[in-house]
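Protein chains in written order, with the working numbering: chain A, 2 to 356; chain B, 2 to 356. Glycine is no exception: its CB is placed at the ideal position from the N, C-alpha and C atoms. Only a predicted model underlies this, so the values are computations on that prediction, with no experimental measurement involved. Worksheet: the structure to be examined is printed underneath.
Set out below in structure tokens:
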């Protein structure tokens, strides 16, 4: 189940538990399979000394929670409490210059001194240097695969050090091997947890610029370290500066720009929260939107009415609302039920059809 | 006589010739000395194959003419016609890096390809590199001393090449040795002739930043080449970028920003205008402000009245106007006469006293 369906369920039922109680008639089998997989996953997480942090829980990063498509659940190894601190992402080129790596490390250390936790991927080059600089103060490695999978292997020592002294954050379940298609979502988490994103060396059209674009879409501050026009690794940063990124030479430039946001945020925790496996399903969370009222006249009858008006040819949801003489909210809820049961398919333009 | 007095005379008399005709009773000796010096200077300029270009003449750079305290007269060796082309200044650190010099040279060459004449000082480092890049297309060296004085001596070959293929521009008379106090005015001329000023490498608080400040005061575009925060020679440029300078990686960045201004300007001349010594005084120029009417009741009587109201204790000009019952314009004109005759002294706050 992806984030869109997850949040649609929460909006309707108010909590994950309530959704599971209400859904057996729709997809008993799927839920049973999920429960089995979830229990195995939770056991494995416990074995690793990690924990789950769910959307709506106090430890879930507040900045990330407000982004579109935020991961419903994060697996966190190490100091999960770091997720509650003010965070700044430091990212950049894998083939970074020695100067670029030195700058990333110094920036990260300077952020740490100012009470800011650093987030990055765990690629070689700038990412690795940023973690090294912030290892003592607090650093988060957001990985594209499972929290137990180190990639690239050359960063094994760093990965282990972060798992112990910082935190490894993963959206995917344990054991997931990172694949190319996972990296864009991972990059959205890096910018999503952060108040701002610092780019240190990035070639034109490089992955770091994609992270910068996500950051802008998410309303984050974007910082870029300038460099010589003769160095291709500066091209991306200079382009960002041309387009309004904050010119950054040291951590003070970042702290100065983020000042009010940092003042409003809590200082990072100095204690290492003991990792405790959570074997229960997450507690109910406050719904972001009031739960839709059930359709009048019994849900099953209403479902039948909807299905009766659907066929293999896609039809507009607005048209369904008119034809069934039900409220738009009720039709939306019933369509969600049908979607979860795998009985309908959605199409662009807010059209639906029977599978 | 400095530019302030020069333009005050022009405003009053409408032309230099008219001012000289009107002034003999005030400072006959000074004018005689100046005429003698001027004739010797003109002969020497002719001997060098150089020429004078006066404020108000067609060849006087239009951008410079509009600046405060523009030099009344420029001595120009070489292709004086270059002064009429669109000009961009390229300046920067004397202790430039190899990369900085390469960038300056490439930028200057790129500007030349786009039909822009380059202006700079003739220091080593960025200045020299910029001239080298633009030697074929058109370059102006604005010097702090006389147009016949090469400083520093290490740039002798470049100086000679510019005198032949580009142009040497000087405010001071031939033979003047450049002194520290001359450089700020020289820098104001460099920014003054230009549509924009490009800074390539500049340490914090360096002379190039003073040129950039003049450029801003004069309403010029300021361009800066970014560099690594680890290189102190980038500090000044990065500061300029932080404060709104246009990030510049190549000539296209400059051309793009100046586009409309360049389109409005004439292309640089390809012919070398033969240098012709000018042995006559400059023709009358259009006054910038209508000449002030002479004081009523005869000028001598009015002068006596003013002097009567002055003493060794400074008095406000406003107070003089009231006490003498004359117009403010008349008092201003009469005070100028007295100042030229060396009979009064000016003090801050628009106060004057007898010498």
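Cβ of residue i within 8 Å of Cβ of residue j?
i: residue 187 of chain B; j: residue 153 of chain B; result: no
i: residue 229 of chain B; j: residue 212 of chain B; result: no
i: residue 134 of chain A; j: residue 94 of chain A; result: no
i: residue 337 of chain B; j: residue 13 of chain B; result: yes
i: residue 111 of chain B; j: residue 251 of chain B; result: yes
i: residue 120 of chain B; j: residue 90 of chain B; result: yes
i: residue 237 of chain B; j: residue 205 of chain B; result: yes
i: residue 311 of chain A; j: residue 341 of chain A; result: no
i: residue 196 of chain B; j: residue 262 of chain B; result: yes
i: residue 92 of chain A; j: residue 226 of chain A; result: no
i: residue 173 of chain A; j: residue 147 of chain A; result: yes
i: residue 56 of chain A; j: residue 71 of chain A; result: yes
i: residue 77 of chain A; j: residue 103 of chain A; result: no
i: residue 318 of chain A; j: residue 353 of chain A; result: yes
i: residue 143 of chain A; j: residue 88 of chain A; result: no
I need the straight-line Cα distance from residue i to residue j, nearest angstrom please.
i: residue 247 of chain B; j: residue 82 of chain B; result: 29 Å
i: residue 175 of chain A; j: residue 48 of chain A; result: 11 Å
i: residue 158 of chain B; j: residue 122 of chain B; result: 15 Å
i: residue 201 of chain A; j: residue 98 of chain A; result: 10 Å
i: residue 343 of chain B; j: residue 107 of chain B; result: 51 Å
i: residue 277 of chain B; j: residue 209 of chain B; result: The predicted position of residue 277 of chain B is uncertain, since its pLDDT is 38 and thus under 50; a value taken from the coordinates is nonetheless stated next. Between residue 277 of chain B and residue 209 of chain B, the C-alpha separation is close to 34 Å.
i: residue 256 of chain B; j: residue 149 of chain A; result: 53 Å
i: residue 323 of chain B; j: residue 349 of chain B; result: 19 Å
i: residue 264 of chain A; j: residue 63 of chain A; result: 15 Å
i: residue 316 of chain B; j: residue 19 of chain B; result: 30 Å
i: residue 145 of chain A; j: residue 194 of chain A; result: 15 Å
i: residue 303 of chain A; j: residue 23 of chain A; result: 15 Å
i: residue 235 of chain A; j: residue 100 of chain A; result: 12 Å
i: residue 169 of chain A; j: residue 219 of chain B; result: 54 Å
i: residue 288 of chain B; j: residue 75 of chain B; result: Note that residue 288 of chain B scores a pLDDT of 34, beneath 50, so its modelled location is shaky; the value from the coordinates is reported in the next line. About 19 Å.
i: residue 118 of chain A; j: residue 167 of chain A; result: 9 Å
i: residue 184 of chain B; j: residue 137 of chain B; result: 27 Å
i: residue 160 of chain A; j: residue 171 of chain A; result: 13 Å
i: residue 415 of chain A; j: residue 15 of chain A; result: Because chain A in this structure spans residues 2 to 356, residue 415 of chain A falls outside the shown range and cannot be described.
i: residue 280 of chain B; j: residue 242 of chain B; result: For residue 280 of chain B, the predicted model reports a pLDDT of 34, less than 50, meaning its position is unreliable; a value from the coordinates is still stated below. The alpha-carbon atoms of residue 280 of chain B and residue 242 of chain B are separated by roughly 47 Å.
i: residue 320 of chain A; j: residue 54 of chain A; result: 40 Å
i: residue 224 of chain A; j: residue 130 of chain B; result: 32 Å
i: residue 60 of chain B; j: residue 86 of chain B; result: 10 Å
i: residue 41 of chain A; j: residue 180 of chain A; result: 23 Å
Starting from residue i, trace the beta strand (DSSP E) in both directions and tell me its first and last residue.
i: residue 322 of chain B; result: Taken as a continuous stretch (DSSP letters only), residue 322 of chain B belongs to no beta strand (DSSP E), being part of the alpha helix (DSSP H) at 318-325.
i: residue 121 of chain B; result: 118-121
i: residue 5 of chain A; result: No beta strand (DSSP E) contains residue 5 of chain A, which is instead part of the alpha helix (DSSP H) from 4-14.
i: residue 55 of chain A; result: 51-55
i: residue 75 of chain B; result: 74-79
i: residue 95 of chain A; result: Segment: none, residue 95 of chain A is in no beta strand (DSSP E) and carries neither H nor E.
i: residue 345 of chain B; result: 345-348
i: residue 352 of chain A; result: 352-355
Can residue i be considered in contact with the ligand NAP, in the sense that its beta carbon sits closer than 7 Å to one or more heavy atoms?
i: residue 44 of chain B; result: Inclusion of the ligand NAP in the displayed structure is not the case, the ligand content being empty and no account of it being possible.
Using the rule of at least 16 other Cβ atoms within 10 Å of the residue's Cβ for burial, across every protein chain shown, is residue i buried or exposed?
i: residue 68 of chain A; result: buried
i: residue 73 of chain A; result: buried
i: residue 331 of chain A; result: buried
i: residue 260 of chain B; result: exposed
i: residue 164 of chain B; result: buried
i: residue 313 of chain B; result: exposed
i: residue 5 of chain B; result: exposed
i: residue 114 of chain B; result: exposed
i: residue 35 of chain A; result: exposed
i: residue 351 of chain A; result: exposed
i: residue 301 of chain A; result: exposed
i: residue 156 of chain A; result: buried
i: residue 347 of chain B; result: exposed
i: residue 9 of chain B; result: buried
i: residue 245 of chain A; result: exposed
For the alpha helix (DSSP H) containing residue i, list its first residue and its last residue.
i: residue 331 of chain A; result: 329-341
i: residue 142 of chain A; result: Not the alpha helix (DSSP H): residue 142 of chain A falls in the beta strand (DSSP E), residues 140-144.
i: residue 265 of chain A; result: 252-265
i: residue 66 of chain A; result: 63-66
i: residue 23 of chain B; result: 17-23
i: residue 129 of chain B; result: 127-135
Checklist entry - Where are the beta strand (DSSP E) runs, 3 residues long or more, that stay fully inside the region 158-209 of chain A, in chain order? => result List check, beta strand (DSSP E) in window: 168-171 and 197-201.
Checklist entry - At which residue ranges does the region 217-244 of chain A contain complete alpha helix (DSSP H) runs of 4 or more residues, listed in the order of the chain? => result Counting only runs of at least 4 residues, the region 217-244 of chain A fully encloses the following alpha helix (DSSP H) elements, listed from N- to C-terminal order: 236-243.
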